[in-house]
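In our numbering, the protein residues as written are 6 to 411.
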């Protein structure tokens, strides 16, 4: 059972430049790109018009404030929100987070969608082997670099900085003046013959889109782990999860430290708080909202009320086909490749976030069996746990069987 020590006291470090703080928000932005941004909101906009797009902005705005409160806890304490919630609610808390993270994400369906788009783009029949190859590639990427977080941040930055400019350019090409006017009206809830919600809108799909206008669920809580890894505030005392193959192990700390509310520390906190709000506001809120608006506008401009519009990943394939018909085939193919890349990035970060959540909560639940020094091992085993082998290893550790892997 968790027996968490009280927070020690140290001085709050000075905040570095804003440029050096940019990073964690790219990861949580990448988590959301493969669900709400790429599929759900464009699908709803193409079928019911842009009068519902206000809800996308509302959803991502809610998530901005939720995420900032999560970051605030880590900024002040240097520990994850999972440790804090265990302090508050007791020993069942880590079990709850392990189960509610592992069960909903046990099947890597996002990578299957990515593989489907990739196969369609390159003109080969879809096979589960393509998805398996993508999963292996994710494993290889997580095996590069000394610090796992830095690898994750760099991959997501590359995907987002490649994907969003393309979406912007193709939307500029397709959208007419009337489409932009419809988007502007939709931001304030005015649709074609309705305000806010049209008749026939599938409520479950709408709520799913609202929830995933950003990340959603436990994935939002993972922002605490990335703020800690980036060294926000008191998180700079906590150490990093390093590569299991080439990384030099660091001294990890599960529980954190806080600071005395002296005038100097309070002044530093205000500086930290201002800068990380700007970081999250620019990268997560502004870029995420901009991307959702663009993708929804693109869908509205290309396939609005077209016959044959389907749900799920078939919607993206249909949209690419229309783009190819209205321009040239290469553009439709490239759209599929960019969409596949964005979905790949989503699965990449979902894996990383879930593995961090599970490994962190394993150590919280039973620190005597799951040593914090082995956190990097549990991180990789948690990812492997999706095919059963990693889960078996974790259970073996709990049952006092030993592993020499360090």
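Just so you know, even glycine gets a beta-carbon here, dropped at the ideal spot from N, CA and C. Every value quoted in this text rests on a predicted model; they were computed, and no experiment measured them.
Bounding residues of the alpha helix (DSSP H) (the contiguous stretch that carries residue i)
i, result
"residue 184", "182-192"
"residue 147", "133-147"
"residue 229", "228-235"
"residue 366", "334-370"
"residue 242", "That residue, residue 242, is in no alpha helix (DSSP H); it is neither H nor E in DSSP."
"residue 220", "Residue 220 -> no alpha helix (DSSP H), and no H or E assigned at all."
"residue 174", "153-179"
"residue 48", "46-53"
Rounded separation between residue i and residue j - CA only
i, j, result
"residue 114", "residue 136", "9 Å"
"residue 397", "residue 126", "Note that residue 397 scores a pLDDT of 45, beneath 50, so its modelled location is shaky; the value from the coordinates is reported in the next line. So the two alpha carbons sit approximately 37 Å from each other."
"residue 214", "residue 39", "11 Å"
"residue 325", "residue 338", "7 Å"
"residue 87", "residue 72", "14 Å"
"residue 306", "residue 288", "26 Å"
"residue 66", "residue 110", "25 Å"
"residue 237", "residue 335", "43 Å"
"residue 455", "residue 13", "Lying before the first or after the last residue shown, residue 455 is absent from the chain, which here runs from 6 to 411."
"residue 11", "residue 96", "16 Å"
"residue 150", "residue 156", "6 Å"
"residue 400", "residue 304", "Only weak support is given to the placement of residue 400: the predicted model assigns it a pLDDT of 47, under 50, and the value that follows is read from those uncertain coordinates. One C-alpha to the other measures close to 46 Å."
"residue 46", "residue 85", "31 Å"
"residue 103", "residue 223", "10 Å"
"residue 83", "residue 186", "46 Å"
"residue 202", "residue 208", "10 Å"
"residue 271", "residue 145", "43 Å"
"residue 360", "residue 163", "22 Å"
"residue 194", "residue 54", "11 Å"
"residue 119", "residue 218", "19 Å"
"residue 351", "residue 342", "14 Å"
"residue 129", "residue 308", "25 Å"
"residue 181", "residue 232", "41 Å"
"residue 108", "residue 35", "21 Å"
"residue 263", "residue 44", "42 Å"
"residue 375", "residue 367", "6 Å"
"residue 200", "residue 321", "27 Å"
"residue 229", "residue 78", "8 Å"
"residue 387", "residue 255", "20 Å"
"residue 22", "residue 291", "20 Å"
"residue 124", "residue 344", "12 Å"
"residue 112", "residue 20", "40 Å"
"residue 275", "residue 166", "30 Å"
"residue 24", "residue 41", "28 Å"
"residue 15", "residue 247", "25 Å"
"residue 319", "residue 161", "25 Å"
"residue 33", "residue 226", "10 Å"
"residue 259", "residue 243", "7 Å"
"residue 239", "residue 279", "16 Å"
"residue 173", "residue 347", "14 Å"
Presumed contact (8 Å Cβ cut-off) between residue i and residue j, rounded CB distance
i, j, result
"residue 293", "residue 37", "6 Å"
"residue 364", "residue 384", "5 Å"
"residue 299", "residue 98", "Rounded, the Cβ-Cβ distance is 39 Å, inconsistent with contact."
"residue 69", "residue 285", "6 Å"
"residue 413", "residue 143", "Since the first and last residues shown for the chain are 6 and 411, residue 413 lies out of range."
"residue 250", "residue 148", "5 Å"
"residue 311", "residue 327", "7 Å"
"residue 116", "residue 134", "So it is not a contact: roughly 12 Å between Cβ atoms."
Closest by C-alpha distance to residue i, when choosing among the options
i, options, result
"residue 189", "279, 237, 301", "301"
"residue 75", "108, 29, 48", "29"
"residue 421", "380, 11, 368, 51", "Shown here, the chain extends from 6 to 411; a query on residue 421 therefore has no answer."
"residue 234", "80, 103, 313", "80"
"residue 154", "381, 375, 167", "381"
"residue 296", "269, 352, 171", "171"
"residue 90", "24, 210, 9", "9"
"residue 26", "281, 268, 218", "281"
"residue 206", "166, 123, 58, 246", "58"
"residue 178", "18, 349, 369, 333", "333"
"residue 121", "105, 138, 373", "138"
"residue 101", "377, 370, 378", "370"
"residue 315", "49, 15, 349", "49"
"residue 362", "94, 131, 328, 106", "106"
"residue 211", "131, 63, 373", "63"
Closer than 7 Å: residue i CB and nearest the ligand FAD heavy atom
i, result
"residue 84", "Only the bare structure without any ligand can be found here, which leaves the ligand FAD out of the picture."
CB contact below 8 Å: residue i versus chain B
i, result
"residue 325", "Absent here is chain B; the protein component of the structure consists of one chain."
Ignoring anything shorter than 4 residues, give me the alpha helix (DSSP H) runs that lie fully in the stretch 65-145, in order along the chain.
86-94, 97-107, 114-127
Residue ranges of each alpha helix (DSSP H) within the stretch 282-330, 4 or longer
292-308
Uninterrupted beta strand (DSSP E) stretches inside the stretch 13-39 (no shorter than 3 residues):
none
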